[in-house]
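Undergrad: Just passing along the structure, written as structure tokens.
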Amino acid sequence: MDNRSLKDLLYEQVARVGKALASPKRLEILEMLAQGEKAVDTIAGEVAIDVKLASAHLKALKEARLVQVRRDGKRMIYRLSGTDVAQLGVTLRQVAEEHLVELRLALQQLMAEPERLTQVGRKELMAQAKRGDVVVLDVRPPEEFDTAHLPYARSVPLPELAQRLAELPRGVEIVAYCRGPFCLMSDEAVKLLREHGYRARKTFDGVSEWQAAGLPVKRR
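Quick note on the numbering used here: the sequence shown kicks off at 109 and runs consecutively.
Now the structure itself:
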């Protein structure tokens, strides 16, 4: 093989990953799988597509070696091929935010009330949570919390929050998080908490953002 052919082959292999990522739904699926392994039907429901289309997207991701699959009875369970795939998703989103004004404008709409966003950095938030100055609230499903969660976080899934408000202290601020900047569960949690008189904010960070920053996460 001559040098030109070899170089073309190298770029072609890297392009396989780029091609697999060139779909909004596949990016959302990777974000879902960054929270932990999931069955095809669960993925389909979360990203609002049918199972057949979800399977096709997962096949494309598997062909690019970005996800792996195992069988559990009749169900196919998917997971990311490695933590580096989750970090790739974070990096891709950060580059897009840096260079695409359209994305920045969309994010501004997502956070129409900036006072609801915590103003402290990651390490300070961790220190505050360790001291008990804030309660870090994980509103994702419990199986995602069990897979990995931010240090000192407390699990109260969003569907249970209204019934479990009495478990939360009123004397400290509550900082909610979910799956990252595009996740809306934390916004709903902050709205509910504020309606009931709690001091609450959100952080755009999720587990993937935390790990990409080189910070530790906890696992059960």
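A virtual CB, placed ideally from N, CA and C, is assigned to each residue, including glycine.
Since this is a predicted model, take the numbers as computed values, not measurements.
Using DSSP with H/G/I as helix, E/B as strand and the rest coil, what is R212?
TA: Correct three-state label for R212: helix.
Undergrad: I think L211 touches A204, with their Cβ atoms under 8 Å apart; what is that distance to the nearest whole Å?
TA: The pair is a contact, with the Cβ atoms about 5 Å apart (cut-off 8 Å).
Undergrad: Assign G197 to buried or exposed, taking buried as 16 or more other Cβ atoms, counted over all protein chains shown, within 10 Å of its Cβ.
TA: Burial call: buried.
Undergrad: Whose CA, out of A270, V243, V148, L166, lies closest to the CA of K346?
TA: The structure shown does not extend to residue 346, since the chain spans only 109 to 328, so no value can be given for it.
Undergrad: Could you name the residues that DSSP lists as bridge partners for D246?
TA: D246 pairs with S263, Y285.
Undergrad: Taking only the alpha-carbon atoms, compute the straight-line gap between Q216 and N111 and give it to the nearest angstrom.
TA: Cα to Cα, Q216 sits roughly 47 Å from N111.
Undergrad: Please classify K133: does DSSP put it in a helix, a strand, or coil?
TA: Helix at K133.
Undergrad: Can you grab the Cα-Cα spacing for the pair K160 / R134, in whole Å?
TA: Taking the straight line joining both Cα atoms gives about 14 Å.
Undergrad: Evaluate contact between the stretch 250 to 257 and the stretch 290 to 297, counting only Cβ atoms and requiring at least three cross-stretch pairs below 8 Å.
TA: No: fewer than three Cβ pairs fall under 8 Å.
Undergrad: Check whether the stretch 257 to 266 and the stretch 146 to 161 are in contact - that is, three or more C-beta pairs closer than 8 Å.
TA: Segments in contact, no.
Undergrad: Taking the alpha-carbon of A83 as reference, which of Y285, L118, R328 has the nearest alpha-carbon?
TA: An answer regarding residue 83 cannot be provided, because it is not within the stretch 109 to 328 covered by the chain.
Undergrad: Restricting to Cα atoms, I'd like to know which of K115, K170, V280, D313 is closest to D246.
TA: Nearest C-alpha to D246: D313.
Undergrad: Can you list the beta strand (DSSP E) stretches of 3 or more residues lying completely in the stretch 152 to 219, in chain order?
TA: Taking only runs of at least 3 residues, the beta strand (DSSP E) segments lying wholly in the stretch 152 to 219 are 175 to 180, 183 to 188.
Undergrad: Let's test the definition: count the other Cβ atoms within 10 Å of the Cβ of Q143 and tell me whether it reaches 16, buried, or not, exposed.
TA: With 16 or more Cβ atoms within 10 Å of its Cβ, Q143 is classed as buried.
Undergrad: Select from L273, I282, Q227, H257 the residue whose C-alpha is nearest the C-alpha of V244.
TA: The shortest Cα separation from V244 among L273, I282, Q227, H257 belongs to I282.
Undergrad: Would you give the residue range spanned by the alpha helix (DSSP H) that R302 belongs to?
TA: Unbroken alpha helix (DSSP H) run through R302: 293 to 303.
Undergrad: Less than 9 Å between CB atoms is the rule here; does L276 satisfy it with respect to chain C?
TA: Protein chains in the displayed structure number just one, and chain C is not present.
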